[in-house]
Every structure is written in C-alpha cells, then in structure tokens.
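Colleague: FYI, UniProt numbering numbers position 315 of the sequence shown as 315, with every residue one higher than the one before it. Here you go, one structure.
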Amino acid sequence: MEEEKLPMEVMMEILSRLPVKSLSRFRCVSKTWLKLFTCDDPYFSKLNANHNANYNPTHPGILFTDLKFGVFYVADYNVIDKAERLPFQTSTLNDYKIVAICNGLVCFRDSYLNVYIWNPIIQDHITIPCSPLPSHFTTSNNTLFGFGFHQGTNEYKVIRIVWSCEKNSEGFQSHVSVYTLGTNSTWRILPDYLSGMKYAYEPSVLVTGALHWIAARTLGSCVIVSFDMEHEFFKEIPQPTGIEYKYARIVRVGNMGGYLSLSYSIHKGNVHIWQMKEYGVVESWTQQYVIGQTEIPGSLSWLFLVGTVNDGEIIIMKSLKEFILYNPKNHSIRNLHTSEFTLKNAYTYIGSLVSPTVIDKKTFKTEEGGS
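Okay, here's the thing in structure tokens:
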C-alpha cells in the first residue's frame with residue numbers, strides 16, 4: 001500500500017504554528033526546509049508571523065544589553081534570570097547603539113556609523129557600511145538612524161540623518177539618506193527636510209507605516225518627527241498640550257497596542273504615558289497612566305518604559321539593575337528581576353525567521369508587480 005503524504009499546504013499550516021526556535025533547528029532537516037525556514041518562502045514567513053501575532057501577541061520576550069560588557073541577552077519576561085546570551089558574530093563591534101527592532105530583526109549601529117541588521121534567533125546578519133558624507137559633515141556630528149518595514153511596498157529601509165554644526169538661514173543643516181534592502185542599491189540622498197533640528201534620539205519606532213523619533217531644536221525642547229516609509233517624507237507629529245519637557249529626564253516614543261505612545265519621566269520619578277488614539281490628531285492624545293511613588297514604592301532613581309504585555313500590563317526598568325511588571329488595573333507590581341548586569345537598553349521582543357541575508361539579495365515586488 002502506497003504511503004500517504006500530507007499535502008504541502010497542510011504541513012506548512014502545522015509547522016507555522018511552532019515556536020520560532022524550533023523551526024530554526026529544523027533548517028538542517030533538508031534543503032527544502034532550509035529554504036522554507038529562512039524566509040525564502042514569503043508565504044510561510046507571513047503565516048508564521050500571523051500565528052505569532054494571533055496566539056502569542058501579549059507574551060513577548062525581553063531583549064536587553066549589558067552596559068559593561070556590551071552583550072545581548074533575550075529572555076521570557078517571567079524568567080529573566082534565565083536569560084540566554086546572544087552571540088554576535090563579529091569581533092569589530094564597538095560602542096553600538098540599538099536603532100530599532102522590527103519583525104524580529106535587531107538594527108544597531110557602531111561608532112563608525114556602520115549599520116547591522118541581525119536576526120539573533122537564526123544567527124544571521126548583514127552589515128551596511130557607512131556611505132561617504134559631504135565635507136562639512138563628519139561622523140562626530142549628531143547622527144540619527146531609523147529602521148522599519150512597509151507592508152504596502154514590502155520593503156525594509158534604513159534611514160540616516162546627520163546634522164552639521166554649521167547653520168543656514170533655516171537653522172542647522174542635515175544630510176538625509178536611505179538604504180533599501182533588496183534593491184542592490186547604495187545609500188540614496190533625500191532632500192534636507194529637517195533644517196532647524198539640532199538634537200535627535202534613538203531608538204525609532206514604527207507606527208502606521210511611519211518611523212518616529214524624539215527630536216529637538218534646542219536643549220529642553222521636544223518634538224516628534226515622523227518619516228513616511230512609502231513616500232519618504234518627514235513631518236512633525238502634534239504633541240499633547242501642556243507638557244513641560246524641561247523637567248523630563250527620559251522621553252521616548254513607542255507603539256502601544258498599535259497606537260503611537262509618548263512616555264517620559266520627570267524629576268519626582270513619575271512616568272507619564274500618553275497614547276494617540278487617532279493618528280495625527282492632536283486632540284486624540286490621551287494620558288493613559290501616571291506611574292510613580294504611590295504605585296511603585298522605594299527608590300525611583302530611574303524609571304524607563306520597556307513595553308506592554310498581558311492585555312495592558314507594563315514592563316518598566318526601575319533602575320539599571322531591576323525590571324518590574326506593573327498592572328494598571330489593580331495597581332499591583334511584581335519584581336521581575338534584580339539583575340547582576342548593568343542594563344543598557346531593554347525592549348520587548350518577538351522572534352521571527354526573517355533572514356537579513358535573504359532579504360538583501362532579493363528585489364522585492366509590490367502587489368502591482370513593480371520593483
């Protein structure tokens with residue numbers, strides 16, 4: 001009797017429901033599975049990503065870095081003490097900063113402005129070298145990067161903005177360039193949309209097809225700048241009224257439940273969290289939470305919003321050594337970790353099978369069939 005085989009569609013549906021780590025180990029089974037699990041098959045990649053989003057949307061891990069040793073770690077947020085070290089395969093990494101995390105890819109850059117796109121789960125990365133700058137710009141100038149994916153064009157892009165110390169009639173000049181993965185292109189120069197800005201801060205966050213950063217024209221001021229990933233233009237996003245940033249120590253934009261969010265801590269140690277319920281509409285900003293001494297007793301030397309999990313619970317870095325989980329519904333807190341490390345950065349993280357190497361070798365096609 002002839003052996004029955006599962007149809008490929010059924011097998012893909014079953015496999016797509018497995019954890020990313022398991023799938024990454026299955027790549028050695030056969031060439032077919034290697035191709036399937038390195039995102040050479042966009043259908044399977046999207047299927048797996050959809051299952052991750054639908055069945056595990058509120059249980060991400062935490063990806064964090066150690067300030068002293070410059071090492072990456074990832075852990076389930078409930079058992080951070082069992083964090084797994086993530087080796088990055090380069091000996092030249094120096095003074096890196098995380099730019100953004102998107103679809104399981106970690107984008108970071110070094111002090112020489114080289115950019116790395118890395119999938120720590122499948123241990124695959126690419127390096128995007130720094131492109132030459134005009135003579136009046138140097139790598140010591142204020143430099144900002146962003147990284148994200150646009151579903152409509154099916155493209156990953158890296159944005160680089162360098163500010164000059166020289167002023168023109170509108171303020172400080174900027175040099176803007178973009179690198180699109182998978183197009184076999186180099187950095188493309190864009191018009192200077194950001195004259196007048198002097199300071200900008202990573203990481204970037206992707207919301208509704210645009211990247212967002214905190215920027216400033218002067219010390220003590222604060223604006224939200226966005227970059228449309230499809231049409232490649234910048235604009236300012238209106239902020240909540242009445243915020244005085246001169247007292248703020250840590251200001252950060254984020255994506256909370258698909259909404260643009262703004263969080264900042266002030267000198268008393270409180271963290272204020274706002275959400276923009278209707279994108280681009282200033283009146284839709286809503287202050288969701290004010291978290292401080294009442295909710296989190298003890299020393300509040302440094303409160304830093306990491307992300308949200310479990311239908312609204314909030315992960316906060318209470319200090320450079322400690323994570324806590326805050327439930328705004330009943331105002332309860334849970335100590336997640338008192339670290340032996342000195343924490344540099346922390347982000348919520350969901351792994352994927354997306355391969356930077358495969359992406360950068362391809363020329364993506366839009367739904368209309370264009371390149």
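Every residue, glycine too, gets a C-beta built ideally from N, C-alpha and C. All figures in this text were calculated on a predicted structure; none of them were measured in a lab.
1) Quick one: Cα of Val281 to Cα of Gln275, how far?
2) For the stretch 173-187 and the stretch 205-216, state whether three or more C-beta atom pairs, one from each stretch, are separated by less than 8 Å.
3) CA-CA distance, Val158 and Phe147?
4) Is Ile296 helix, strand or coil when you go by DSSP?
5) Would the stretch 329-345 and the stretch 309-320 be scored as touching if the rule is three or more Cβ pairs under 8 Å?
6) Just tell me which of Val71, Glu278, Thr286 has its CA closest to the CA of Ser263.
7) Let's see if you can read the secondary structure: which residues bound the alpha helix (DSSP H) around Val358?
8) Please report how far the alpha carbon of Lys235 lies from the alpha carbon of Tyr73, in whole angstroms.
9) Thinking just about the alpha-carbon of each residue, which of Asp66, Ile62, Ala248, Gly307 is nearest to the one in Ala75?
10) Alpha carbon to alpha carbon, how far is Phe151 from Val207?
11) Please name the residue in Gly307, Ser284, Met229 whose C-alpha comes closest to that of Ile350.
12) If you draw a straight line from the C-alpha of Glu295 to the C-alpha of Arg252, how long is it?
13) Run through DSSP, which three-state label would Gly351 get?
14) Check the DSSP bridge columns for Cys107 and list the partner residues they point to.
15) Contact defined as beta carbons within less than 8 Å: I believe Ile98 pairs with Asn345. What is the distance between those atoms, to the nearest angstrom?
16) Comparing C-alpha positions only, which one of Ala200, Asp311, Gly292 sits nearest to Thr218?
17) Using 9 Å as the threshold, is the C-beta distance between Thr180 and Trp163 below it?
18) Threshold first: 3 residues or longer. Then list the beta strand (DSSP E) segments lying entirely within the stretch 136-165, N to C.
19) Which whole-angstrom value is the C-beta distance of Met197 and Ser174, which I expect to be below 8 Å?
20) Note down the Cα distance separating His125 from Ile359, rounded to an integer number of angstroms.
21) Within 10 angstroms of the Cβ of Glu244, are there 16 or more other Cβ atoms? Answer buried if so, exposed if not.
22) Return the residue from the list Phe233, Gly292, Arg334, Gly312 that minimises the CA-CA distance to Pro191.
23) State the DSSP-derived secondary structure class of Asn270, mapped to helix, strand or coil.
24) From which residue to which residue does the beta strand (DSSP E) around Trp213 run?
25) Pull up the CB-CB distance for Ile117 and Cys107, whole angstroms please, since I reckon it's below 8 Å.
26) Taking DSSP's pairing of strands, which residues face Gly254 in a bridge?
27) If you draw a straight line from the C-alpha of Gln288 to the C-alpha of Val10, how long is it?
28) Considering just the uninterrupted stretch of the beta strand (DSSP E) at Val74, what are its terminal residues?
29) Starting from Lys235, trace the beta strand (DSSP E) both ways and give me its first and last residue.
30) Out of His331, Thr357, Phe137, Phe304, state which residue places its alpha-carbon closest to the alpha-carbon of Ser348.
31) Give me the residue from Glu155, Ser352, Ile291, Pro356 with the minimum Cα distance to Leu325.
32) Which two residues bound the contiguous beta strand (DSSP E) that contains Ser319?
33) Asn119 to Tyr193, Cα distance in whole Å?
Modeller: In terms of the structure at hand:
1) 11 Å
2) no
3) 5 Å
4) coil
5) yes
6) Thr286
7) 356-361
8) 35 Å
9) Ile62
10) Checking the displayed sequence, the identity of residue 151 turns out to be Gln instead of Phe. Whole-angstrom Cα-Cα distance: 12 Å.
11) Gly307
12) 21 Å
13) coil
14) Ala100, Ile117
15) 5 Å
16) Ala200
17) no
18) 143-150
19) 7 Å
20) 10 Å
21) exposed
22) Phe233
23) coil
24) 210-216
25) 5 Å
26) Ser261
27) 43 Å
28) 72-76
29) 234-237
30) First, the amino acid is wrong: residue 348 is Thr here, not Ser. Closest option to Thr348, Cα to Cα, is Phe304.
31) Ile291
32) 313-319
33) 32 Å
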